[in-house]
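Engineer:
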Amino acid sequence: MEFTFSAEQEALRGEIRSFLDEHLPPEREEAHIAPEWSNDPDDYARALDFNKRLAEQGWLTAHWPREFGGMGLSILEQVVLREEMAYRRAPILNANGLNMLGPVLMLNGSDEQKAAHLPGIAASDVMWCQGYSEPNSGSDLASLQTRAIRDGDDYIINGSKIWTGHARRADWMFLLARTDSDAPKHRGISFFLLDMKTPGITVQPLQSMTGHVHFCQEFFEDVRVPATNLVGEENRGWYIGATLLDFERSNIASAAGFRRSLDELVSFLHGPEARPIDEMARQRLRHELADRYIELAVGRNLSYRIASIQEVGGIPNYEASMGKLYFSELGNRLATTTLHALGLAGQMAPGSSRAVLAGSGMLGVMTTLIGTIGGGTSEIQRNIIATRGLGLPRA
Ligand SMILES: Cc1cc2nc3c(=O)[nH]c(=O)nc-3n(C[C@H](O)[C@H](O)[C@H](O)COP(=O)(O)OP(=O)(O)OC[C@H]3O[C@@H](n4cnc5c(N)ncnc54)[C@H](O)[C@@H]3O)c2cc1C
0 MEFTFSAEQE
10 ALRGEIRSFL
20 DEHLPPEREE
30 AHIAPEWSND
40 PDDYARALDF
50 NKRLAEQGWL
60 TAHWPREFGG
70 MGLSILEQVV
80 LREEMAYRRA
90 PILNANGLNM
100 LGPVLMLNGS
110 DEQKAAHLPG
120 IAASDVMWCQ
130 GYSEPNSGSD
140 LASLQTRAIR
150 DGDDYIINGS
160 KIWTGHARRA
170 DWMFLLARTD
180 SDAPKHRGIS
190 FFLLDMKTPG
200 ITVQPLQSMT
210 GHVHFCQEFF
220 EDVRVPATNL
230 VGEENRGWYI
240 GATLLDFERS
250 NIASAAGFRR
260 SLDELVSFLH
270 GPEARPIDEM
280 ARQRLRHELA
290 DRYIELAVGR
300 NLSYRIASIQ
310 EVGGIPNYEA
320 SMGKLYFSEL
330 GNRLATTTLH
340 ALGLAGQMAP
350 GSSRAVLAGS
360 GMLGVMTTLI
370 GTIGGGTSEI
380 QRNIIATRGL
390 GLPRA
């Protein structure tokens with residue numbers, strides 16, 4: 000068992016650090032909210048500019064195979080890249096395009112679809128959103144009701160999607176729609192590419208509990224989509240949608256990002272701004288911090304284990320669910336520990352004159368809580384681990 004990185008991988012790490020020193024906007028390193036969530040258009044513009052530099056460097060699509068314009072980095076090289084980016088809070092926009100749709104098109108798209116869409120994603124020119132969830136279909140996604148009916152060379156889409164991250168800025172959406180209402184629910188769904196400027200689409204922004212406007216609900220009224228925008232075969236979309244290959248299944252970015260938050264908290268507690276607390280509270284806090292430290296170390300090893308499965312060509316299955324579940328819940332525990340450490344000042348929002356640690360206390364609790372819902376709730380991850388990992392019967 001070897002836990003060290005090779006000299007070449009460490010050299011890559013050094014190269015990434017130098018790049019970040021030169022190009023990462025300093026405001027971003029301090030920010031505790033993703034630029035897609037930010038209500039400040041300048042913040043988003045800076046992040047976009049940084050992404051274009053990453054694209055020029057090739058690192059935005061470093062995980063893509065060379066034949067599609069990527070660098071074909073090995074999984075362990077990707078781990079190094081992700082670790083460094085996440086520790087510095089480097090914003091990577093368009094995960095939907097880079098990590099989900101891109102790989103799906105490489106596997107299932109027509110040559111025309113690959114040629115039309117992969118270059119825009121790679122250059123950070125075209126942003127994508129994911130149209131899966133509906134008002135009455137979340138965990139049970141296969142019950143979705145948005146319909147697409149064939150009409151000549153087009154499909155006509157009617158229905159609604161909700162909780163669509165980034166939809167207000169996205170240029171395109173990949174969406175699942177029902178093309179056969181009589182078939183068993185998983186077998187009547189198709190996967191479409193939809194230009195967000197198509198007539199008949201209304202995007203309604205939704206304000207989340209943090210005060211940010213990131214999610215949207217979309218309404219589709221007789222939206223015409225060319226049949227050439229169907230990916231794969233009609234009625235086979237569930238299988239395409241369900242196997243979206245996320246290259247970041249190891250959650251190494253979460254491990255590194257949370258490590259950064261813990262380091263910052265500990266350094267804050269050593270400094271003059273830390274509030275005075277009595278001996279009992281100090282003992283409790285020390286133990287709580289020690290627990291988070293242990294959990295982060297465990298999580299990092301879990302990430303490396305998942306990456307090592309990928310490195311030898313395996314596809315992590317319930318292991319990816321273990322990573323998602325573990326890190327989303329750990330993130331929330333760490334944020335709660337931060338709030339305990341900061342006391343009342345931890346409840347101040349970013350920008351408040353009394354905020355400490357850039358207002359990351361209460362904001363962190365809220366943003367990490369929603370991490371336990373997006374991408375499949377903790378309950379759904381536990382169901383997957385129970386059935387696929389332990390072989391228990393479905394509930
Ligand atoms: C941060 C974030 C980002 C998101 N981004 C997108 C996006 O870009 N595109 C998109 O399409 N959607 C997105 N979503 C929506 C997300 O996929 C859904 O919220 C999620 O799948 C849960 O669905 P739901 O909200 O309808 O809750 P429901 O499915 O109604 O679940 C409600 C509760 O019941 C529990 N539950 C449901 N079924 C079971 C079961 N079988 N066993 C045990 N418990 C169960 C759930 O765990 C949950 O606690 C996002 C959500 C969040 C929070």
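When we follow numbering that gives the first Met the number 0, the leftmost residue of the sequence shown carries the number 0, and every step to the right adds one. Backbone N, C-alpha and C fix where the C-beta goes; we use that ideal spot for every residue, glycine too.
1. Taking only the alpha-carbon atoms, compute the straight-line gap between Gly-313 and Met-321 and give it to the nearest angstrom.
2. Is it the case that the Cβ atoms of Val-79 and Arg-12 are separated by a distance below 8 Å?
3. Enumerate in chain order the residues of its own chain whose CB-to-CB distance from Ala-334 is below 7 Å, with the five nearest sequence positions on each side excluded.
4. Is it a yes or a no for the stretch 90-110 touching the stretch 206-216, going by three-plus beta-carbon pairs under 8 Å?
5. What residues sit near ligand 1, counting only those whose C-beta is closer than 5 Å to one of its heavy atoms, in chain order?
6. Alpha carbon to alpha carbon, what distance is there between Gln-144 and Gln-216?
7. Within its chain, find whatever has a CB closer than 7 Å to the CB of Pro-25; leave out the 5 residues flanking it on each side and keep chain order.
8. Counting only the same chain and skipping the five closest in sequence on each side, list residues whose C-beta sits under 8 Å from that of Leu-19.
9. List the endpoints of the continuous beta strand (DSSP E) containing Tyr-154.
10. Looking only at its chain, what residues have a beta carbon closer than 8 Å to the beta carbon of Phe-2, apart from the 5 residues adjacent to it on each side?
11. Is the CB-CB distance between Lys-160 and Ser-180 below 8 Å?
12. Straight-line CA distance for Phe-190 to Ser-109?
13. Applying the criterion that 16 or more other CB atoms from any shown protein chain within 10 Å of the CB defines a buried residue, is Lys-323 buried or exposed?
14. DSSP has Ile-188 in a bridge; who is on the other side?
15. May I ask which residues mark the beginning and end of the beta strand (DSSP E) holding Pro-204?
16. Nearest to Asp-150 by alpha carbon, out of Arg-223, Ile-91, Asp-124?
17. Could you name the residues of the same chain whose beta carbon sits closer than 8 Å to that of Asp-315, not counting the 5 residues immediately before and after it, in chain order?
18. Got a sec, what are the start and stop residues for the alpha helix (DSSP H) Asp-110 sits in?
19. Determine the extent of the alpha helix (DSSP H) in which His-286 is found, giving its start and end residues.
20. Let me know if Leu-338 comes out buried or exposed under the rule of 16 or more other beta-carbons within 10 Å of its beta-carbon.
21. What is the C-beta distance between Phe-214 and Thr-201, in whole angstroms, given that I count them as a contact (C-beta under 8 Å)?
Structural biologist: So, from the listed chains and residues:
1. 16 Å
2. yes
3. Its chain contains Gly-363, Val-364, Thr-367 as the residues whose beta carbon lies nearer than 7 Å to that of Ala-334, once the 5 sequence neighbours on both sides are disregarded; these appear in chain order.
4. The stretch 90-110 is not in contact with the stretch 206-216.
5. Gln-129, Tyr-131, Ser-132, Gly-137, Ser-138, Trp-162, Thr-163, Gly-164, Ile-369, Ile-372, Gly-373, Thr-376, Glu-378
6. 15 Å
7. none
8. Glu-83, Met-84, Arg-87, Ala-89
9. 153-164
10. Excluding five sequence positions before and after Phe-2, the CB atoms of its chain that fall closer than 8 Å to its own CB belong to Tyr-303, given in chain order.
11. no
12. The alpha-carbon atoms of Phe-190 and Ser-109 are separated by roughly 13 Å.
13. buried
14. Bridge partners of Ile-188: Arg-177, Arg-235.
15. 200-206
16. Arg-223
17. One detail in the question is off: residue 315 reads as Pro in this sequence, not Asp. Hits under 8 Å: Arg-248, Ser-249, Ile-305, Ile-308, Gln-309, Gly-322.
18. 110-121
19. 278-310
20. buried
21. Incorrect: roughly 15 Å between the Cβ atoms, too far for contact.
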